[in-house]
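Chains as they are written, first to last, in the numbering used here: chain B, 85 to 283; chain F, 85 to 283.
Data first, discussion second: the structure below is written as structure tokens.
Number of protein chains: 2
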Amino acid sequence: MEPGSVPPSEERRRDASATRRRLLEAARDLFAERGYEGATVRSIAARAGVNQALLFRYFGSKRGLLTEVVALGGLEQVRSTPPEELFETALRSMLTRSAEGTEDRSLEVYLRSVGRGDEAAGTLRDLGEEYQSALAGLSGAPDGALRADLAMAWLLGIGLMRTVVAREPLAGAEPDEVCRLVLGTLGHLWAAEPGDGEV
Amino acid sequence: MEPGSVPPSEERRRDASATRRRLLEAARDLFAERGYEGATVRSIAARAGVNQALLFRYFGSKRGLLTEVVALGGLEQVRSTPPEELFETALRSMLTRSAEGTEDRSLEVYLRSVGRGDEAAGTLRDLGEEYQSALAGLSGAPDGALRADLAMAWLLGIGLMRTVVAREPLAGAEPDEVCRLVLGTLGHLWAAEPGDGEV
DNA sequence: CCCGGATGTAAGCAGCTGCTTACAACGGTA
DNA sequence: TACCGTTGTAAGCAGCTGCTTACATCCGGG
């Protein structure tokens, strides 16, 4: 055995980067399932199979963990999706119970964590800004930003009713059917004239 | 002074019903501002100017307090409003920063408290059921319940973006303008044909 | 008057929270 | 081999939570 660097393919018993990654994945899932405040540092460390002191060694604080989760989850996603596909993409990812894979769960984290004026709100606000600015150009109307907010509100509301409240028939409805209803209706929102309209 | 019953108009130093009422009002406001978990029994008792032990004497538990708040706030309201006015009424009450009066804040309580799978969810679910069944008849389509859920999702989402996330321009937009956009768009949701549509 | 229930008060309980500290074990380097 | 920074571990800290208990104080009916 050469005294050179360790072969990267071999699994090491002490591996800081692997520990960091396991903490990030456990935090992403638990934040999505229970919200920021509901996911305790002990539960995150336990799901990662890691001593909780390491969480603070690698991320400084619970808030620091959230920041990294959101940064490499949602922010990258929204920046790499063309605006005209963004809404449908986000809606479909909200409608399909993600298969526990290495997917983006930042919207679930968002809607389960913004409920209170706690420290998570500031970190998550940036994620919302990205969505809004991407959506704002879709309507030619001068109040495009307001309409983008309304569209995002619907998106979050649907996620709230489906994954949190879980009430039928929305929770069990076919994603395609919900998409058809929502996208068809939203078309009228983008097209509605700003000045005057019906009631 | 006759030895008869105490004149009800006179303020008594020890008044159980007044204490109960003050606790209920303080709880309603704090639940609406911070959510169920965020509002501590100590903060509720302090705002009511009451010893916190009395909270447990009169309501048994924090959850019992929430149940009474929701019951005499939201449930009465939705039952006494005609269905065709319910959505606009709820939307407007969500859009106007209620003037600290003795108003109904149950929707704020709802959206700030359903974020997690905690004990509050069960109590609040009944409130959602009332709204859904009232709204379900508005569309003649066979999937009226699904459309009612989608409308409620938009309502809650708008409240979420406006009172919790507080992002512009939605947070500062004129209630009338938001109402016009939302109600105009929702008209197309009620009217959309169920079978096949665009996209 | 005086007793007893109703009302209000102060203190404390066990359990949980985010976070820190002191220390052990590993493993590459000299 | 001897060393020393990196990685992992166990225990504990102060503060908060919902809730309970033991005890004052009021006040109307006998």
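Just so it is clear, CB atoms sit at the ideal spot from N, CA and C, and this is done for glycine as well.
- Contacts between Leu254 of chain F and chain B, judged by CB atoms closer than 8 Å, involve Leu230, Asp233, Leu234 and Ala237 in chain order.
- Around the beta-carbon of Gly221 of chain F, fewer than 16 other beta-carbon atoms lie within 10 Å, marking it exposed.
- Here DSSP, grouped into helix, strand and coil, assigns Glu252 of chain F to coil.
- Ser223 of chain B carries a coil assignment under DSSP once its states are collapsed to helix, strand and coil.
- By the Cβ neighbour-count rule, Ala129 of chain F is buried, with 16 or more other Cβ atoms within 10 Å of its own.
- Boundaries cannot be given for Met245 of chain F, as no alpha helix (DSSP H) includes it and DSSP labels it neither H nor E.
- By the Cβ rule, the segment 141 to 153 of chain F does not count as touching the segment 225 to 233 of chain F, because fewer than three pairs are nearer than 8 Å.
- Annotation: Cβ neighbours of Val266 of chain B in chain F (cutoff 8 Å, chain order): Leu234.
- Non-local beta-carbon contacts of Thr103 of chain B in its own chain, meaning distances under 8 Å to residues more than five positions away in sequence, involve Ala132, Val134, Leu138 and Tyr142 in chain order.
- Not flagged as an interface residue toward chain F: Val134 of chain B, since no C-beta distance is shorter than 7 Å.
- Between Val193 of chain F and Phe115 of chain F, the gap from beta carbon to beta carbon is short of 7 Å.
- Burial check for Glu121 of chain B: the Cβ neighbour count within 10 Å reaches 16 or more, so the residue is buried.
- Taking 7 Å as the cut-off, the Cβ atoms of Ala237 of chain F and Gly241 of chain B count as close.
- The beta carbons of Val162 of chain B and Leu170 of chain B sit about 7 Å from each other, so the pair counts as a contact at 8 Å.
- Annotated three-state conformation of Gly122 of chain B is helix, per DSSP.
- Against Leu159 of chain B, chain F offers no close residue; the least beta-carbon distance is about 16 Å (beta-carbon pairs closer than 7 Å).
- At least one beta carbon of chain B lies nearer than 7 Å to the beta carbon of Met245 of chain F.
- DSSP, reduced to helix, strand and coil, places Pro259 of chain B within a helical segment of the structure shown.
- By the rule that beta-carbons nearer than 7 Å mark a contact, Thr173 of chain B does not touch chain F.
- In chain order, Leu108, Ala111, Arg112, Phe115, Ser190 and Val193 place their CB closer than 8 Å to the CB of Val153 of chain F, counting only its own chain and leaving out the 5 sequence neighbours on each side.
- For Val249 of chain B, a Cβ of chain F is located within less than 7 Å of the residue's own Cβ.
- Asp260 of chain B counts as exposed, since fewer than 16 other C-beta atoms from the protein chains shown sit within 10 angstroms of its C-beta.
- Distance check between Ala250 of chain F and each of B:Asp99, B:Phe140 and B:Gly212 places B:Gly212 closest, using alpha-carbon atoms only.
- At a cut-off of 7 Å between C-beta atoms, Ile128 of chain F does not count as an interface residue with respect to chain B.
- Using a Cβ distance threshold of 7 Å, Leu244 of chain F and Leu175 of chain F do not count as a contacting pair.
- Against chain F, a Cβ distance below 9 Å from Ala102 of chain B picks out nothing, because the smallest value is about 30 Å.
- Annotated as distal: Arg246 of chain B and Ala235 of chain B, with beta-carbon spacing of 7 Å or more.
- Looking at F:Thr173, F:Leu156, F:Leu239 and F:Trp274, the one whose alpha-carbon comes closest to that of Pro226 of chain F is F:Trp274.
- Counted as a single uninterrupted DSSP element, the alpha helix (DSSP H) harbouring Arg147 of chain F occupies residues Lys146 to Val154.
- Nearest CB-CB separation between Leu114 of chain B and chain F: not below the 7 Å threshold.
- Within 10 angstroms of the beta-carbon of Gly158 of chain F lie 16 or more other beta-carbons, which makes it buried.
- Nearest to Ser177 of chain F by C-alpha distance, out of F:Gly224, F:Thr269, F:Ala155 and F:Cys263, is F:Cys263.
- DSSP places Ser190 of chain F within a helical segment (H, G or I) once states are collapsed to three.
- Contacts with chain F at 7 Å (Cβ-Cβ) do not include Leu222 of chain B.
- Taking a beta-carbon distance threshold of 7 Å, Val198 of chain F counts as an interface residue toward chain B.
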